[in-house]
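From first to last, the protein sequence lines stand for chains A and B.
The opening residue of the first sequence carries number 1 in the numbering used here; numbering runs sequentially from there.
The opening residue of the second sequence carries number 1 in the numbering used here; numbering runs sequentially from there.
Ideal placement from N, C-alpha and C gives every residue a C-beta, glycine not left out.
Notes for the one structure printed next.
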Amino acid sequence: MSEHHISTDKTLLGVGGALLVLTILTAVVHYAHLPQPWSIIAAMFIAVLKASLVAMFFMNLFWDKRFNAMLLVSSVVFFLLLIGFTLLDTLFRLPPTPAF
Amino acid sequence: MANHSSSTSHSRFLQHHFVDAEQQFDAAKMGMWIFLVTEILFFGGLFAAYIVYRMLYPELFSMAAEELNVLWGTVNTVVLIGSSLTVAMAIKSAQKNQVKNIAINLGITLLLACIFMVIKYFEWEHKFHLGIFPGEAYSFEGIDHPKASIFFSLYYLMTGLHGIHVLIGMGLMIWLLKRSLQGDFNSEYYTPVEITGLYWHLVDIIWIFLYPLFYLIH
Chain A
1 MSEHHISTDK
11 TLLGVGGALL
21 VLTILTAVVH
31 YAHLPQPWSI
41 IAAMFIAVLK
51 ASLVAMFFMN
61 LFWDKRFNAM
71 LLVSSVVFFL
81 LLIGFTLLDT
91 LFRLPPTPAF
Chain B
1 MANHSSSTSH
11 SRFLQHHFVD
21 AEQQFDAAKM
31 GMWIFLVTEI
41 LFFGGLFAAY
51 IVYRMLYPEL
61 FSMAAEELNV
71 LWGTVNTVVL
81 IGSSLTVAMA
91 IKSAQKNQVK
101 NIAINLGITL
111 LLACIFMVIK
121 YFEWEHKFHL
131 GIFPGEAYSF
141 EGIDHPKASI
151 FFSLYYLMTG
161 LHGIHVLIGM
171 GLMIWLLKRS
181 LQGDFNSEYY
191 TPVEITGLYW
201 HLVDIIWIFL
211 YPLFYLIH
């Protein structure tokens, strides 16, 4: 199985270090108390960045067969469809049911 | 058959219905990815519930999140990232035939998973002490909001389901550790380490989202 990509220590430790820095960064941004829409946008942006690093370099999708990456992307697409259609309902209920 | 069995690099774990070890490895890995897709959609239902309730009661989420300890949430994030790193190191060790390092890295991963669960236990224990229970059992008076229990029901469901995944992961790590000490894994065969690693990284990714969604709200 010589054609499997073998990550170097440098890559793995670099990605681990980047994840650590981004974790500290997201906590710092939290304490900076950005105005409302921006604090959640910043937190989610950093979370997506961290998740992408894990998926690409720890889960090896960057070097792997594209099919596996396609599976991951398709699950995200269906997740967004789930949220999208749910919000089309719950955001436009007038008036919201009291017991909901 | 004589011709077949004399071919090179035959792992004793190669099952006869696969052409070669490479095909077996790829099939196992793709199977794991398909399982991970179902896991993402499984958690996705809870994330959708979270989004709906946060949009309905944004003020509740900022009030209730005060009860969560940002420091312990951050420590647990670092612990899980560290455990993902050691799993990746275990796979690298297997690929490089450094058989001893597989077990060492898996052992550290197991230890970090234990630390994560111990911290989680003390966080939950503290909330139970205050009367913060999920659903109807909620009896905490400290949050002035009629729907306060909704936040904590989501908190317990999502961190609880994640915690169950960590516990299952710990069981898998013990199994991998045992097998690696038996000398089952090397550069020719490490499929169980690889696909358990994928599972463990997904559990890490889910926590990467739970951390800002519950701890970092103001």
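Next on the checklist: So, with DSSP's three-state summary, where would you put B:Tyr211?
Outcome noted: Of the three classes helix, strand and coil, the one that applies to B:Tyr211 here is helix, per DSSP.
Item to check | Per-residue contacts from B:Gly207 into chain A (C-beta, under 8 Å) | outcome: First, the amino acid is wrong: residue 207 of chain B is Trp here, not Gly. Under the 8 Å cutoff, chain A gives no residues; its nearest Cβ is about 10 Å from B:Trp207.
Checklist entry - Of all the residues that make up the region 66 to 87 of chain B, which are near chain A by a beta-carbon distance shorter than 8 Å? => result Val70, Thr74, Thr77, Val78, Ile81, Gly82, Ser84, Leu85 and Val87
Checklist entry - Can you list, in chain order, the residues of the region 12 to 33 of chain A whose Cβ is nearer than 7 Å to any Cβ on chain B? => result Hits within the stretch, in order: Leu12, Gly16, Leu19, Leu20, Thr23, Thr26, Ala27, His30 and His33.
Checklist entry - In terms of alpha-carbon separation, which member of B:Lys120, B:Glu136, B:Tyr121 and B:Glu141 lies closest to B:Leu130? => result B:Glu141
Checklist entry - Mind pulling the alpha helix (DSSP H) runs of 4 or more residues that sit fully within the region 134 to 184 of chain B? => result Runs of the alpha helix (DSSP H) inside the region 134 to 184 of chain B: 148 to 181.
Next on the checklist: If contacts are defined as beta-carbon pairs under 8 Å, then A:Ala43 and A:His30 qualify, I think. What distance do you get, rounded to the angstrom?
Outcome noted: 7 Å
Next on the checklist: My output table needs one value for B:Asn186: the three-state DSSP class, helix, strand or coil.
Outcome noted: strand
Item to check | Cβ separation of B:Ala88 and A:Ser7, assumed to be a contact under 8 Å, to the nearest whole Å | outcome: 7 Å
Checklist entry - Residue ranges of each alpha helix (DSSP H) run of no fewer than 4 residues wholly in the region 20 to 60 of chain B, ordered along the chain? => result Entirely contained in the region 20 to 60 of chain B, the alpha helix (DSSP H) runs reaching 4 residues are, in chain order, 21 to 56.
Checklist entry - Under 7 Å Cβ-Cβ, which residues of chain B neighbour A:Lys50? => result Going along chain B in sequence order, the residues near A:Lys50 (Cβ under 7 Å) are Ile208.
Checklist entry - Alpha carbon to alpha carbon, what distance is there between B:Leu202 and A:Val48? => result 13 Å
Checklist entry - Using a Cβ cut-off of 7 Å, which residues of the region 34 to 55 of chain B contact any Cβ in chain A, in chain order? => result Going along the region 34 to 55 of chain B in chain order, one finds Ile34, Val37, Ile40, Leu41, Gly44, Ala48, Ile51, Val52 and Met55 with a Cβ nearer than 7 Å to chain A.
Checklist entry - Do you know whose CA, among B:Ile115, B:Ala48 and B:Leu85, lies nearest A:Phe78's CA? => result Among B:Ile115, B:Ala48 and B:Leu85, the Cα nearest to that of A:Phe78 belongs to B:Ala48.
Next on the checklist: Within 7 Å of any Cβ in chain A, is that where the Cβ of B:Leu106 sits?
Outcome noted: no
Checklist entry - chain B partners of A:Met59, CB-CB under 7 Å? => result Leu198 and His201
Item to check | Alpha-carbon spacing of B:Val79 relative to B:Ile115, whole angstroms | outcome: 8 Å
Item to check | Selected residue, minimal CA-CA separation from A:Asn68, among B:Leu198, B:Leu167, B:Ile208 and B:Pro146 | outcome: Taking each of B:Leu198, B:Leu167, B:Ile208 and B:Pro146 in turn and checking the Cα distance to A:Asn68, the smallest one comes out for B:Leu198.
Next on the checklist: If distances are taken between C-alpha atoms only, which option among B:Leu177, B:Met117, B:Gln95 and B:Leu60 comes closest to A:Asp9?
Outcome noted: B:Gln95
Checklist entry - Counting only beta-carbon atoms, is B:Pro288 nearer than 7 Å to chain A? => result The displayed coordinates of chain B run from 1 to 218. Any statement about residue 288 of chain B would go beyond what the structure contains.
Next on the checklist: Assess contact between the region 26 to 45 of chain B and the region 169 to 178 of chain B, defined as three or more Cβ pairs (one per stretch) separated by less than 8 Å. Is contact present?
Outcome noted: no
Item to check | Stretch-stretch touch, CB-based, cutoff 8 Å, three pairs: the region 203 to 215 of chain B with the region 155 to 166 of chain B | outcome: yes
Item to check | Top-ranked residue by Cα proximity to B:Lys92, from A:Asn60, A:Ile40 and A:Val54 | outcome: A:Asn60
Checklist entry - If we ignore side chains and look at the alpha-carbon of each, how far apart do B:Leu85 and B:His126 end up? => result If you draw a straight line from the Cα of B:Leu85 to the Cα of B:His126, it is about 30 Å long.
Next on the checklist: Measuring only the C-alpha atoms, how far is A:Val28 from B:Gln24?
Outcome noted: 45 Å
Next on the checklist: Starting from A:Trp63, trace the alpha helix (DSSP H) in both directions and tell me its first and last residue.
Outcome noted: Element bounds for A:Trp63: n/a, residue is neither H nor E.
Item to check | Residue from A:Ile24, A:Ser39 and A:Trp63 with nearest C-alpha to A:Thr11 | outcome: Of A:Ile24, A:Ser39 and A:Trp63, the residue nearest in Cα terms is A:Trp63.
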